[in-house]
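*Asks:* Following the working numbering, the numbering of the sequence shown begins with 5 at its first residue and continues without gaps. Glycine included, C-beta positions come from ideal geometry on N, C-alpha and C.
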Amino acid sequence: MSKTTKQFQTEVQQLLDLVIHSLYSNRDIFLRELISNASDAIDKIRFESHSDEALLEGNSDWKIKLIPDKTAGTLTIRDNGIGMNMAEVEENIGTIARSGTKAFMQALKDKASTNNPELIGQFGVGFYASFMVADKVTMETRKPGSPGAGCRWESIGDGTYTVEQLTKEERGTEITLHLKDEFKEYLDEWKIRSIVKKYSDYIQYPVVMDITRSEVPKGVDGKEIEGAGTIETTEEQTLNSMKAIWARPKSDVSEEEYQEFYKHISHDFENPFNTIHFSAEGTSEFKALLYLPAKKPFDLFMADRKKGLQLYVKRVFITDHCEELIPDYLRFVKGVVDSSDLPLNVSREILQEDVQIKRIQKNLVSKILSTLSDVREKKFDEYVSFWKEFGPVIKEGLHFDYANKEKLQELVLFESTKTEAGSFVSLKEYVERMPEAQQEIYYITGDNRAALETSPHLEVFRAKNYEVLFLTDPVDEWVVQALTEYKEKKLKAVDRGDLDLDSEEEKKEKEAKQEEAQKEYGDLLSLVKGSLEDRIKDVRLSKRLTESACCLVADEYGMNANMERILKAMNQPVPESKRVLELNPTHPIMHVMADLFKGNKDDGRLKDYAELLYDQALLTEGSPIKDPLRFTRLVSELMVKAVGK
Ligand code: ADP
5 MSKTTKQFQT EVQQLLDLVI HSLYSNRDIF LRELISNASD AIDKIRFESH
55 SDEALLEGNS DWKIKLIPDK TAGTLTIRDN GIGMNMAEVE ENIGTIARSG
105 TKAFMQALKD KASTNNPELI GQFGVGFYAS FMVADKVTME TRKPGSPGAG
155 CRWESIGDGT YTVEQLTKEE RGTEITLHLK DEFKEYLDEW KIRSIVKKYS
205 DYIQYPVVMD ITRSEVPKGV DGKEIEGAGT IETTEEQTLN SMKAIWARPK
255 SDVSEEEYQE FYKHISHDFE NPFNTIHFSA EGTSEFKALL YLPAKKPFDL
305 FMADRKKGLQ LYVKRVFITD HCEELIPDYL RFVKGVVDSS DLPLNVSREI
355 LQEDVQIKRI QKNLVSKILS TLSDVREKKF DEYVSFWKEF GPVIKEGLHF
405 DYANKEKLQE LVLFESTKTE AGSFVSLKEY VERMPEAQQE IYYITGDNRA
455 ALETSPHLEV FRAKNYEVLF LTDPVDEWVV QALTEYKEKK LKAVDRGDLD
505 LDSEEEKKEK EAKQEEAQKE YGDLLSLVKG SLEDRIKDVR LSKRLTESAC
555 CLVADEYGMN ANMERILKAM NQPVPESKRV LELNPTHPIM HVMADLFKGN
605 KDDGRLKDYA ELLYDQALLT EGSPIKDPLR FTRLVSELMV KAVGK
């Protein structure tokens, strides 16, 4: 059959025009596309030869050879894969059979842009990417069978192509790019090496190239022989490492290999805390090799930190930091995902929208959480050391990942009034050891454990032997907004709202006392309220204090001292919110004040005392007082008066 000239399908020509007119900002990827096609072709012949070994034709030394020819200005990519016959060439290269092609092309036109990598990425240009760098592309290919059944295809990308029959000894495909003058750099050994290393390192077949070196021969003494000229040696070198470690069965990969690979991708010097290697099948097919680091990186909480996992599509590198694969609260996870479903040219924008990516993410999250749950159950001490590093980040998930709330609430650990510093309790354990009368889960938020331990808010809980969780990470204020309940037990802040800790009996008993106290102190409370009116919302007798004289309490949904501090530290506006001053009716100071009040309700000291009580309440919760000078002056005066001078 002689050479025939044919027309590309309209859509192919449209696609080619886009490609040729600087579609991509990154032209290097043409080589990635061709190497990937070659690798697929080898995959196919290997698969088919399982049932018919004759197809191999004795040619199963799998490799993809790159042949730069500086004299001819061509770069050839040769594989010994499945090859194509003429009908297949026409079908695969001359047309785009994918459904939705027309609509897609229309969408491209509507965008009326010649530089639209996002959209085109969705489609995948594959072989056509060659035309980004070449003004003529020749393909010679043959399927297993007779050498005479080969096909030669050629095009200059102008709307037509030619096909002719070809006798080709070796099975497989050879694609020759006649490089445009401005892209001759793709013939350079180092350029080729770097592209292969970057994008195709993990292709599982060797990507090879003949490397010629010239050197002056050396004598027995190891010195160059003068006047001997140079000798050229050529050797075929493999450019890629082929180590698609995630594509290998788990049982094949040693611990050391996993660790080495982790260090390679994470730049961490330490071994990982945990390695998760699995493949998913079904609606979403992918392989994942994930690592949980042992130590948190210094920039874990920095906004401009690079996040995400490496994404491969069929062992071809796509991107280093695919943020869409992993939610923010698991941003410390390192690793690789290799998808079988995504197109090779998947772009940034597509990644954000893609349902496959969302599916993969869901799957990864579930795997990570179940792994952590497993470690928590089986190796609690190890889990604690991990939690100390990454707990504050994982807790963000409670706020942002509602779908996984159930799992996450089992993973969180807290210090508490019943743990040593640096030891933790889970919510499950907390609930299990709650005294029978206790109805709710109590917590206190603040800056650090030491400060919280002395909080007057804890007094009544100590008295009742109720455990109180210390929530000392800034994120905890958000955590408790999302985690309001655990196993039907409400989480309750000890410094918010009214407390209801008493049994019916205790209540009755206390109510009587409370009434009495109210009668005794009612007017005094009004006076205190009057003198602190600009700073507090109300004054009341406390049910939570047993030792201290006073404390400040936020509304059930109001702003507490810790939240105010966090917002200030974040330079956020702090909304005006007044709190309630609670006074302990059993404290001697109350009796003293009541006596003063009875003697003369206009006694100037009463206002000073009110002021001092308020400042004390601020100081014990770690908040700054407004006028430290006045505070110290009042205290000094009192000290002097106390000894009657
Ligand atoms: P894709 O690889 O995304 O399918 P391409 O345009 O790159 O799109 O290739 C189209 C088809 O041409 C491939 O699906 C494959 O069937 C065939 N093909 C491309 N390159 C080769 C090759 N080196 N060997 C065998 N077949 C190939």
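Would you mind working out which of E327, E228, T216, G603 sits nearest E236, comparing C-alpha positions?
*Replies:* With distances taken between Cα atoms, E236 lies closest to T216.
*Asks:* Give, in chain order, every unbroken run of the beta strand (DSSP E) that is at least 3 residues long and sits entirely within the region 507-555.
*Replies:* For the region 507-555, whole beta strand (DSSP E) runs of length 3 or above, ordered along the chain, are 540-545.
*Asks:* Please name the residue, chosen from E240, G233, E219, that lies closest to P210 on a Cα-to-Cα basis.
*Replies:* That would be E240, whose Cα lies nearest to the Cα of P210.
*Asks:* Tell me whether S150 sits in a helix, a strand or coil according to DSSP, three-state version.
*Replies:* S150: coil per DSSP, three-state reduction.
*Asks:* The ligand ADP and A292: does any heavy atom of the ligand fall closer than 7 Å to the residue's C-beta?
*Replies:* Incorrect: A292 has no Cβ contact closer than 7 Å to the ligand ADP.
*Asks:* Work out the CA separation of E615 and E641 for me, nearest whole Å.
*Replies:* Computed Cα separation, rounded: 14 Å.
*Asks:* Determine the closest residue to D345 out of Y333, R335, R363, S218, with distance taken between C-alpha atoms.
*Replies:* Nearest C-alpha to D345: R363.
*Asks:* What are the partner residues of Y165, as DSSP defines its beta bridges?
*Replies:* In the DSSP output, where bridge partners are listed per residue, Y165 has K10.
*Asks:* Any heavy atom of the ligand ADP inside 7 Å of the beta-carbon of D83?
*Replies:* Yes, Cβ of D83 sits closer than 7 Å to a heavy atom of the ligand ADP.
*Asks:* If we ignore side chains and look at the alpha-carbon of each, how far apart do K491 and T421 end up?
*Replies:* Between K491 and T421, the C-alpha separation is close to 21 Å.
*Asks:* Give me, in chain order, the residues of the same chain whose beta-carbon lies closer than 6 Å to that of R283; leave out the 5 immediate sequence neighbours on both sides.
*Replies:* First, the amino acid is wrong: residue 283 is Ser here, not Arg. Excluding positions up to five away in sequence, the list reads K291.
*Asks:* Can you give, in chain order, each stretch of the alpha helix (DSSP H) that sits fully within the region 562-596 and has at least 4 residues?
*Replies:* Entirely contained in the region 562-596, the alpha helix (DSSP H) runs reaching 4 residues are, in chain order, 565-573.
*Asks:* DSSP on L505, reduced to helix/strand/coil?
*Replies:* Note: L505 maps to coil in three-state DSSP.
*Asks:* Classify G176 as helix, strand or coil using the three-state DSSP reduction.
*Replies:* Strand at G176.
*Asks:* Going by CA-CA distance only, name the one from T99, S546, D342 that's closest to R500.
*Replies:* Comparing Cα positions, the closest option is S546.
*Asks:* Take L19 as the anchor and find which of E193, M136, Y561 has the nearest alpha-carbon.
*Replies:* Checked all of E193, M136, Y561; the closest Cα to L19 is M136.
*Asks:* Using DSSP with H/G/I as helix, E/B as strand and the rest coil, what is E122?
*Replies:* Low local confidence applies: a pLDDT of 48 at E122 is under 50, so the model's placement there is unreliable, and no value is given.
*Asks:* For I229, is the classification buried or exposed, using 16 other Cβ atoms within 10 angstroms of its Cβ as the cut-off for buried?
*Replies:* Looking at its Cβ environment, which holds fewer than 16 other Cβ atoms inside 10 Å, I229 is exposed.
*Asks:* By how many angstroms is the C-alpha of N30 removed from the C-alpha of K10?
*Replies:* The alpha-carbon atoms of K10 and N30 are separated by roughly 30 Å.
*Asks:* Roughly how many whole angstroms lie between the Cα atoms of A573 and K468?
*Replies:* So the two alpha carbons sit approximately 35 Å from each other.
*Asks:* Cβ of E261 versus every heavy atom of the ligand ADP: is any distance shorter than 7 Å?
*Replies:* No, Cβ of E261 sits at least 7 Å from all heavy atoms of the ligand ADP.
*Asks:* With H, G and I counted as helix, E and B as strand and the rest as coil, what does DSSP make of Q314?
*Replies:* Note: Q314 maps to strand in three-state DSSP.
*Asks:* Mind checking whether M594 and Y613 have CB atoms under 8 Å apart?
*Replies:* No, these two residues do not count as a Cβ contact at 8 Å.
*Asks:* For S627 versus A553, is the C-beta spacing smaller than 8 Å?
*Replies:* Not closer than 8 Å, so no.
*Asks:* If you draw a straight line from the C-alpha of A516 to the C-alpha of E510, how long is it?
*Replies:* Going from the Cα of A516 to the Cα of E510 covers about 10 Å.
*Asks:* Give me the residue from C326, F336, R252, L531 with the minimum Cα distance to D358.
*Replies:* Nearest option by C-alpha distance: C326.
*Asks:* Express the C-alpha separation of P253 and K147 in angstroms, rounding to a whole number.
*Replies:* Their backbone Cα atoms lie some 30 Å apart in a straight line.
*Asks:* Is it the case that the CB of L63 approaches a heavy atom of the ligand ADP more closely than 7 Å?
*Replies:* Just to set this straight, residue 63 is Asn in the shown sequence, not Leu. No; taking the cut-off as 7 Å, the Cβ of N63 has no heavy atom of the ligand ADP nearer than that.
*Asks:* Going by beta carbon distance, what residues of the same chain come within less than 8 Å of I46, once the five residues before and after it are set aside?
*Replies:* Excluding sequence neighbours, I46 sits near W66, I68, D83, N84, G85, I86, Y209.
*Asks:* Tell me which residues share the same chain as A116 and place their Cβ nearer than 7 Å to its Cβ, disregarding the 5 neighbours each side in the sequence.
*Replies:* Summary for A116: the model assigns pLDDT 48, below 50, so the residue's position carries little reliability, and this model does not support an answer.
*Asks:* For Q241, which beta-bridge partners are listed by DSSP?
*Replies:* Paired residues: M213.
*Asks:* Heavy atom of the ligand ADP less than 7 Å from the Cβ of G87, yes or no?
*Replies:* It does: the Cβ of G87 is within 7 Å (strictly closer) of some heavy atom of the ligand ADP.
*Asks:* Looking at the structure shown, is H271 part of a helix, part of a strand, or coil, going by DSSP?
*Replies:* Three-state DSSP puts H271 in coil, outside helix and strand.
*Asks:* So N278 is in the alpha helix (DSSP H); what residue range does that whole segment cover?
*Replies:* Element bounds for N278: not the alpha helix (DSSP H) but the beta strand (DSSP E), 278-284.
*Asks:* By the 10 Å Cβ neighbour count, where 16 or more other Cβ atoms means buried, how is S159 classified, buried or exposed?
*Replies:* With 16 or more other Cβ atoms within 10 Å, it is buried.
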